[in-house]
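The sequence shown maps to residues 1 to 306 in my numbering. Glycine is no exception: its CB is placed at the ideal position from the N, C-alpha and C atoms. Note that this is a predicted model, so its numbers are computed, not measured. What follows is a set of notes on a single structure, which appears directly below.
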Amino acid sequence: GLWLIDYANAITIESDDEFGELDDVSIMGDTLMVTNKDTITLTRDSTDKILNNVSFKTADTSSDVLRFYLMLEVKEPGVHVIGGAASFGAGNFTWDASNFAGFFYDIDDNVETESLSVSNIDGNVIPEGDLVYETSIENVAYEYDNAADGWNQYPVIGFFAQKYVPLKPEKADKLSKLVLDSDDKYTIRTGELLDLGEGYAIEARQVDVDGKKVWLEFTKDGEFVDDEIISVDTGDNTWDVELDDIQDEDDVVVLRVHVNQVFQGAVDSIAQIEGLWLIDYANAITIESDDEFGELDDVSIMGDTL
Numbered sequence: 001g002l003w004l005i006d007y008a009n010a011i012t013i014e015s016d017d018e019f020g021e022l023d024d025v026s027i028m029g030d031t032l033m034v035t036n037k038d039t040i041t042l043t044r045d046s047t048d049k050i051l052n053n054v055s056f057k058t059a060d061t062s063s064d065v066l067r068f069y070l071m072l073e074v075k076e077p078g079v080h081v082i083g084g085a086a087s088f089g090a091g092n093f094t095w096d097a098s099n100f101a102g103f104f105y106d107i108d109d110n111v112e113t114e115s116l117s118v119s120n121i122d123g124n125v126i127p128e129g130d131l132v133y134e135t136s137i138e139n140v141a142y143e144y145d146n147a148a149d150g151w152n153q154y155p156v157i158g159f160f161a162q163k164y165v166p167l168k169p170e171k172a173d174k175l176s177k178l179v180l181d182s183d184d185k186y187t188i189r190t191g192e193l194l195d196l197g198e199g200y201a202i203e204a205r206q207v208d209v210d211g212k213k214v215w216l217e218f219t220k221d222g223e224f225v226d227d228e229i230i231s232v233d234t235g236d237n238t239w240d241v242e243l244d245d246i247q248d249e250d251d252v253v254v255l256r257v258h259v260n261q262v263f264q265g266a267v268d269s270i271a272q273i274e275g276l277w278l279i280d281y282a283n284a285i286t287i288e289s290d291d292e293f294g295e296l297d298d299v300s301i302m303g304d305t306l
C-alpha cells in the first residue's frame, strides 16, 4: 500500500480569490462555496466561459427559448474518458444523451437518438439479451435555414456516439458521415475551386452575370462527379446532387448547394453561395444483421430504428 500527496505544491484558497466568473468565495469548515458577484448573460449560439476550461454552451434558439449545458474543454493530448451517470445495484438503468455526454446530441434542435439500457442484473452479471443499444433517425434543421427554398430539415442518427446521416430517411442501416452543413457565404470566380473537405470540391466552370446563372462542377479527389447550370432568377437556385448505387441505394442526395446571386466584380464574374450541405458518400457504411460491435452482437434493423 502506498499513498502520497504533492505537499510541495499545496495551495491555499483565500476568500478574495477569483475563479473566472466565480469570484465570491465562502469557506465554511469542510465546505467551500464559490458564486458569482456579477450577472452573467448567456449568448445564444455561443460559448460563454465560466472557468478557464469550463463553459456554458447555449443553443441557437428563438428569444423565448433558452437551452444550454455545461461543457469541459480538454486541450491536452491523450486519451480522455467521458463518464456517465452511475447505476447502483441490480435495478434497470438507461443511459442517453441526458446522462452520458458521449452520445450524440444536437442542442440547437434538442435532438438525441441513442440509448443504452441494462436490465435484470444478477449480482454483477448482465444476462444475455439484457444489454440493449438502440438508436433511431430524427430530423434537425439545416444551418442554412430557408424552408421556402427547401432547406428545412435533414435526417440524422447517432451511432455509437458519432453523428451520421442516413442515406435514406427511413433506413437506419445505411449511413454516411456529414462533411459540411454551413450557412456561411462563399464567393467563387470562374475557374476557381472551392474545397469542401474530405477530397470533395466544386468548381465554377462559368459565371454568366447577364444570364444570371452559374455552371458548377462537383468533383471527388479531382474526378468528375456531376455538374449543373443554376439560374438565380427563377427561384430554383438550389442544386441537389443525387447519385445512384451508393451502398445499393439510388437517388441519394449527397450534396446541396444554394446559389445566392451572381455579380460582376472589379475583374472577374463572381457567384455567391449561401447554403452548403455534403455527406461523405464515398465512405458510407451498411450495417448488417450479423455484424458485431464489442459485446453487442445481436443486431436488429427495424426501418428507422437500429
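Spatial neighbours of Asp244 within its chain, please: C-beta separation below 6 Å, excluding the five flanking residues on both sides.
Position 244 of the sequence shown holds residue 244. For Asp244, where only same-chain residues beyond five positions count, the Cβ hits under 6 Å are Asp250.
Take Trp3 and list the residues in its own chain whose beta-carbon comes closer than 7 Å to its own, dropping the five residues that flank it on each side.
Indexing the sequence shown from 1 puts residue 3 at position 3. The answer is none, since no qualifying residue turns up.
Just tell me which of Arg256, Asp248, Lys49 has its CA closest to the CA of Val241.
Taking the first residue of the sequence shown as position 1, residue 241 is located at position 241. Val241 has its Cα closest to that of Arg256, out of Arg256, Asp248, Lys49.
Does the distance from the CB of Thr43 to the CB of Thr58 come in under 8 Å?
Position 43 of the sequence shown holds residue 43. Position 58 of the sequence shown holds residue 58. Contact: yes.
Considering only the alpha carbon of each residue, which of Gly235, Asn99, Ser231 lies closest to Leu70?
Here residue 70 is taken as the residue at index 70 of the sequence shown, counted from 1. Put simply, of Gly235, Asn99, Ser231 the residue whose alpha carbon is nearest the alpha carbon of Leu70 is Asn99.
Per DSSP, Phe224 forms a beta bridge with which residues?
Locating residue 224 in the sequence shown gives position 224, counting from the first residue. Bridge partners of Phe224: Thr219.
Between Leu194, Thr135, Asp108, which has its C-alpha nearest Asp173's C-alpha?
Here residue 173 refers to the residue found at position 173 of the sequence shown. It is Thr135.
Grab the span of the beta strand (DSSP E) containing Glu114 for me, first residue to last.
On the sequence shown, residue 114 is found 114 positions in, with the first residue counted as 1. Where Glu114 is concerned, the enclosing beta strand (DSSP E) stretches over 114-118.
To the nearest angstrom, how far is the alpha carbon of Ala326 from that of Ser115?
Not covered by the structure: residue 326. The range shown for the chain is 1 to 306.
Nearest to His258 by CA position, among Tyr164, Glu112, Asp181, is which residue?
Within the sequence shown, numbered from 1, the residue matching residue 258 stands at position 258. Nearest option by C-alpha distance: Asp181.
Taking only three categories from DSSP, how would you classify Phe271?
Mapped onto the sequence shown, residue 271 falls at position 271. Per the sequence shown, the amino acid found at residue 271 is Ala instead of Phe. In the displayed model, Ala271 falls within a strand according to three-state DSSP.
Within 8 Å, strictly: CB atoms of Tyr200 and Val179:
Here the question's residue 200 lines up with position 200 in the sequence shown. Here the question's residue 179 lines up with position 179 in the sequence shown. Between Tyr200 and Val179, the C-beta spacing is below 8 Å.
Whose C-beta lies closer than 8 Å to the C-beta of Tyr164 among residues of the same chain, with five residues either side of it excluded?
As a working mapping, residue 164 is identified with position 164 in the sequence shown. So the qualifying residues of the chain are Val156, Ile157, Gly158, Leu175, Ser176, Lys177, Leu178.
For Gly303 and Val25, what's the separation of their Cα atoms in angstroms?
One-based indexing of the sequence shown puts residue 303 at position 303. One-based indexing of the sequence shown puts residue 25 at position 25. Gly303 and Val25: Cα-Cα distance of roughly 54 Å.
Three-way DSSP call (helix, strand, coil) for Asp313 in this model:
Since the displayed the chain opens at 1 and closes at 306, residue 313 lies outside it and no answer follows.
How big is the Cα-Cα spacing for Phe56 and Asp297?
Looking up residue 56 in the sequence shown gives position 56. Looking up residue 297 in the sequence shown gives position 297. One C-alpha to the other measures close to 38 Å.
Going by C-alpha to C-alpha distance, which of Lys212, Leu216, Phe218 sits closest to Gly235?
Counted from its first residue, the sequence shown places residue 235 at position 235. Gly235 has its Cα closest to that of Lys212, out of Lys212, Leu216, Phe218.
Across which residues does DSSP place Val232 in a beta bridge pair?
Counted from its first residue, the sequence shown places residue 232 at position 232. In DSSP, Val232 forms no bridge with anything.
Kindly confirm or deny that the segment 143-150 and the segment 272-279 touch, where touching means at least three C-beta pairs closer than 8 Å.
As far as the Cβ criterion goes, the segment 143-150 touches the segment 272-279, which means the pair count is three or higher.
Using DSSP with H/G/I as helix, E/B as strand and the rest coil, what is Asp297?
Along the sequence shown, one-based indexing puts residue 297 at 297. Three-state DSSP puts Asp297 in coil, outside helix and strand.
Assumed close pair Trp239, Glu223 - CB separation to whole angstroms, cut-off 8 Å
Counting from one through the sequence shown, the residue named residue 239 turns up at place 239. Counting from one through the sequence shown, the residue named residue 223 turns up at place 223. Not really, about 18 Å apart at Cβ, beyond 8 Å.
Cutting at 6 Å between CB atoms, please list the residues of its own chain near Thr47, excluding the five before and the five after it.
Locating residue 47 in the sequence shown gives position 47, where the first residue counts as 1. Within the same chain, Ser55, Lys57 come within 6 Å of Thr47 by CB-CB distance, once the 5 residues on both sides are set aside.
Let me know if Lys49 comes out buried or exposed under the rule of 16 or more other beta-carbons within 10 Å of its beta-carbon.
What you label residue 49 is simply residue 49 of the sequence shown in a count that begins at 1. Exposed is the label assigned to Lys49, since fewer than 16 other Cβ atoms lie within 10 Å of its Cβ.
Find the nearest neighbour of Asp38 within the set Leu32, Thr31, Gly20, judged by alpha-carbon distance.
Against the sequence shown, residue 38 aligns to sequence position 38. Of Leu32, Thr31, Gly20, the residue nearest in Cα terms is Gly20.
The beta strand (DSSP E) that contains His258, what's its start and end?
Residue numbering aside, residue 258 sits at position 258 when the sequence shown is read from its first letter. 252-264 is the extent of the beta strand (DSSP E) around His258.
Those residues which DSSP pairs with Thr58 across a bridge:
As a position in the sequence shown, residue 58 is number 58, starting the count at 1. Note: Thr58 sits in a beta bridge opposite Ser46, Phe68.
Note down the Cα distance separating Val253 from Leu167, rounded to an integer number of angstroms.
Counting from one through the sequence shown, the residue named residue 253 turns up at place 253. Counting from one through the sequence shown, the residue named residue 167 turns up at place 167. Taking the CA atoms as reference points, Val253 sits about 8 Å from Leu167.
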